[in-house]
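Counting from 1, position 353 in the sequence shown corresponds to residue 353 in the UniProt record's numbering; the numbering is continuous, with no gaps.
Every residue, glycine too, gets a C-beta built ideally from N, C-alpha and C.
Just so we're clear, the structure is a prediction, and the values are computed from it rather than from any experiment.
Read the structure below first, then the notes.
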Amino acid sequence: MTSTRKTFDLVVAANRLPVDKQVDEHGNVEWRRSPGGLVTAMESVMRSNPGAWVGWSGDAGEAPAPFDEDGMHLRPVGLSAEEVRDFYEGFSNDTLWPIYHDVIVPASFHREWWAAYVRVNRRFAEAVAEEAAPGARVWIQDYQLQLAPAFVRELRPDVRIGWFNHIPFPPVELFAQLPWRAALLEGLLGADFLGFQRQADARNFVRACRQLLGLRTKGERVALEDGSGRRVRATAIPISIDYRGLEELAQRPDVRARAKEIRESLGNPKVLMLGVDRLDYTKGIRHRLKAYEELLLERHIGPPDVTLVQVATPSRERVEAYRSLREEIEQTVGRINGELGKIGAPAVHYLHHSYPREEMAALFQAADVMLVTPLRDGMNLVAKEYVTCRHDLGGALVLSEFTGAWHELHQAFTCNPHDIEGLKQAMLRAINTPTRDKERIMRALRRRVADHDVQRWARRYLAALDAAPDVPAPDPRG
Ligand code: ADP
Ligand code: F6P
Numbered sequence: 001m002t003s004t005r006k007t008f009d010l011v012v013a014a015n016r017l018p019v020d021k022q023v024d025e026h027g028n029v030e031w032r033r034s035p036g037g038l039v040t041a042m043e044s045v046m047r048s049n050p051g052a053w054v055g056w057s058g059d060a061g062e063a064p065a066p067f068d069e070d071g072m073h074l075r076p077v078g079l080s081a082e083e084v085r086d087f088y089e090g091f092s093n094d095t096l097w098p099i100y101h102d103v104i105v106p107a108s109f110h111r112e113w114w115a116a117y118v119r120v121n122r123r124f125a126e127a128v129a130e131e132a133a134p135g136a137r138v139w140i141q142d143y144q145l146q147l148a149p150a151f152v153r154e155l156r157p158d159v160r161i162g163w164f165n166h167i168p169f170p171p172v173e174l175f176a177q178l179p180w181r182a183a184l185l186e187g188l189l190g191a192d193f194l195g196f197q198r199q200a201d202a203r204n205f206v207r208a209c210r211q212l213l214g215l216r217t218k219g220e221r222v223a224l225e226d227g228s229g230r231r232v233r234a235t236a237i238p239i240s241i242d243y244r245g246l247e248e249l250a251q252r253p254d255v256r257a258r259a260k261e262i263r264e265s266l267g268n269p270k271v272l273m274l275g276v277d278r279l280d281y282t283k284g285i286r287h288r289l290k291a292y293e294e295l296l297l298e299r300h301i302g303p304p305d306v307t308l309v310q311v312a313t314p315s316r317e318r319v320e321a322y323r324s325l326r327e328e329i330e331q332t333v334g335r336i337n338g339e340l341g342k343i344g345a346p347a348v349h350y351l352h353h354s355y356p357r358e359e360m361a362a363l364f365q366a367a368d369v370m371l372v373t374p375l376r377d378g379m380n381l382v383a384k385e386y387v388t389c390r391h392d393l394g395g396a397l398v399l400s401e402f403t404g405a406w407h408e409l410h411q412a413f414t415c416n417p418h419d420i421e422g423l424k425q426a427m428l429r430a431i432n433t434p435t436r437d438k439e440r441i442m443r444a445l446r447r448r449v450a451d452h453d454v455q456r457w458a459r460r461y462l463a464a465l466d467a468a469p470d471v472p473a474p475d476p477r478g
């Protein structure tokens, strides 16, 4: 009997589906938008490039049945409770995440976490192999799925395989700490094309292949020695956002009215500062709060004239480094408010929630100074979203030079978040620079994002993938 199962010409695989399964105490199921920049970007790409999305539903247990949403075919992959612990919280977010972010916190190495990583990557590859039409484009995302390219190639040599890393790729000196470094590189080399946020990330990967696998490399290409003659290309294609979609949302009268209302409910401060991050140690929230506290203590600024709203999205709450970060941030906010706040005018408004897109756009419009101060960040889409929402040319962006975004938005008020004095100066400059100069800067930042939006990113990526298979032409004499 022949199967009539529908297959897809484009299959995206990412650790998370664009929606997250939430079950309340009565057992009612609700699907909510998943957190993070990957979903923000890929969701809009999939709207113009229909296909299937293979990913985890966000809770432990059997995979729910595949379903269609917003023109996408969603194919859930199931993770058991142990796999959530060992693959997601463990190897992905307590081994790879710290190594790939400059070891801001120490990485943990456990052989059973690695075993789960291998098993889950194989499961993703099997799901991809089932969803892909003959000759399909398979686009694998991020550090959680570095073995999947080679597994997919084993199962489906007919498809074209791309991988994109949303986070940094570490220098070989850090990457080399991983006991499973060779297997990770070999997994990635199963792809035809590898995309990175910055050229430095692509170079780190190529160098790792040369030094740790002894492979020959030339410029952006790594030559395999498996008899296939394949060469894998690794280059930078920095990700972006749906500029037009978000700008349109930010122009809506209800969103503009909400921005005014937010300022009013905060007592119409002269300067509203804003931070919006997943509660992650890479985001430099501690450094930001320290600089802000010192500016208050030194009486450069203070409530009610100036206030800070810090939105900290809940993230990876069972991983110890995230738990202790949350405690530290919440204690610091409490101390700053206790010592420096006034009745009716706290120095910091701390919000540990997720919000709808409209509310985020209104917050961005309400803020005079946006603080994006990561110690390391692959891109940071919040920076791009902030400037996109400022069609009024108002506002000022303080941006860490350790974000991928800074390589495109370097006209922003640049800071090195480790340099607290420098960070304070950048914050003061963002407040005090004359409006005309700030408008000029904002215009330049907006132009960059408008010209380099996520649709352009996807087009460039898929064109590079189509051009990628790099095998010597067969000898016509046979
Ligand atoms: P990361 O992928 O590390 O979380 P990014 O800055 O690249 O960081 O992307 C974060 C995305 O999540 C952005 O689209 C941002 O608007 C969104 N976001 C962050 N915090 C919240 C929140 N509290 N509620 C809703 N969306 C949020
Ligand atoms: O790119 C970084 C990343 O891990 C993405 O996979 C995701 O968009 C985001 O951070 C959120 O992380 P998590 O899926 O672990 O909640």
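- Distances between the C-beta of Ala14 and the heavy atoms of the ligand F6P include at least one below 8 angstroms.
- When C-alpha distances from Met273 are compared across Met370, His349, Leu266, Phe175, the shortest belongs to Met370.
- Distances taken from the Cβ of Ala259 to the heavy atoms of the ligand ADP include none shorter than 8 angstroms.
- The straight-line gap separating the alpha-carbon atoms of Gly135 and Arg160 is approximately 7 angstroms.
- DSSP, read as helix, strand or coil, puts Pro106 in coil.
- Apart from sequence neighbours up to five positions away, the residues of its chain that approach Ala430 with a beta-carbon distance below 7 angstroms are Val369, Ala396, Val398, Phe413, ordered along the chain.
- Beta-carbon to beta-carbon, Ala463 and Tyr243 are separated by about 20 angstroms, too far to satisfy the 8 angstroms threshold.
- For the ligand ADP, no non-hydrogen atom lies closer than 8 angstroms to the CB of Leu295.
- Contact annotation, Ala202 with Leu215: C-beta distance approximately 15 angstroms; criterion of less than 8 angstroms not satisfied.
- Sequence-distant partners of Ala41 (beyond 5 residues in either direction) whose C-beta falls short of 6 angstroms from its own C-beta, in its chain, are Ile239, Val454.
- If the five residues before and after His287 are omitted, its C-beta is found closer than 8 angstroms to the C-beta atoms of Thr373, Leu375, Pro417, His418, Ile420, Leu423, all from its own chain and listed in chain order.
- Within the model, the alpha-carbon separation for Leu155 versus Ser80 is close to 24 angstroms.
- Leu145 is positioned such that its CB atom lies no closer than 9 angstroms to that of Leu185.
- The alpha-carbon separation between Trp180 and Glu339 amounts to approximately 48 angstroms.
- Of Ala468, Ala405, Asn28, the smallest CA-CA separation from Leu445 is found for Ala405.
- In this structure Arg278 touches Ser315 by the C-beta definition: roughly 4 angstroms separates them, less than 8 angstroms.
- A Cβ-Cβ distance of about 6 angstroms is found for the pair Val319 and Asn93, placing them in contact under the 8 angstroms criterion.
- With a cut-off of 8 angstroms, the C-beta of Ser80 is classified as distant from the ligand F6P, since no heavy atom of the ligand falls inside that distance.
- DSSP places Leu155 within a helical segment (H, G or I) once states are collapsed to three.
- In this structure, the C-beta of Glu385 approaches the ligand ADP to less than 8 angstroms from one of its heavy atoms.
- At least one heavy atom of the ligand ADP lies less than 8 angstroms from the C-beta of Ser354.
- Note: Met273 is bridge-paired with Leu308, Val369 in the DSSP secondary-structure output.
- Taking Ala107 as the centre and dropping the five residues before and after it, the same chain places the C-beta of Thr95, Pro98, Ile99 closer than 6 angstroms to its C-beta, in chain order.
- Cβ neighbours of Leu363 within its own chain (closer than 8 angstroms, five residues either side excluded): Ala259, Ile262, Leu274, Val276, Val309, Val311, Tyr355.
- Residue burial annotation: Asn28 is exposed, with fewer than 16 other C-beta atoms found within 10 angstroms of its C-beta.
- In the structure shown, the three-state DSSP call for Ser354 is coil.
- Secondary structure at Lys290: helix, using DSSP grouped into helix, strand and coil.
- In the three-state scheme derived from DSSP, where H, G and I count as helix and E and B as strand, Val348 is classed as strand.
- Exclusion of the five residues before and after Asp466 leaves Arg137, Arg160 as the residues of its chain whose Cβ lies within less than 8 angstroms of its Cβ.
- One thing to note: Ala367 has its Cβ no nearer than 9 angstroms to the Cβ of Pro304.
- Taking C-alpha positions only, Arg299 is separated from Arg335 by approximately 17 angstroms.
- As computed with DSSP, Cys415 is found in a beta bridge with Ser400.
- With a minimum length of 3 residues, the unbroken runs of beta strand (DSSP E) contained wholly in the region 67-120 fall at 67-69, 72-77.
- Apart from sequence neighbours up to five positions away, the residues of its chain that approach Ala321 with a beta-carbon distance below 8 angstroms are Asp94, Pro98, Val105, Tyr281, ordered along the chain.
- Non-local beta-carbon contacts of Ala458 in its own chain, meaning distances under 6 angstroms to residues more than five positions away in sequence, involve Val45 in chain order.
- Under the three-state reduction of DSSP, Thr282 is assigned to helix.
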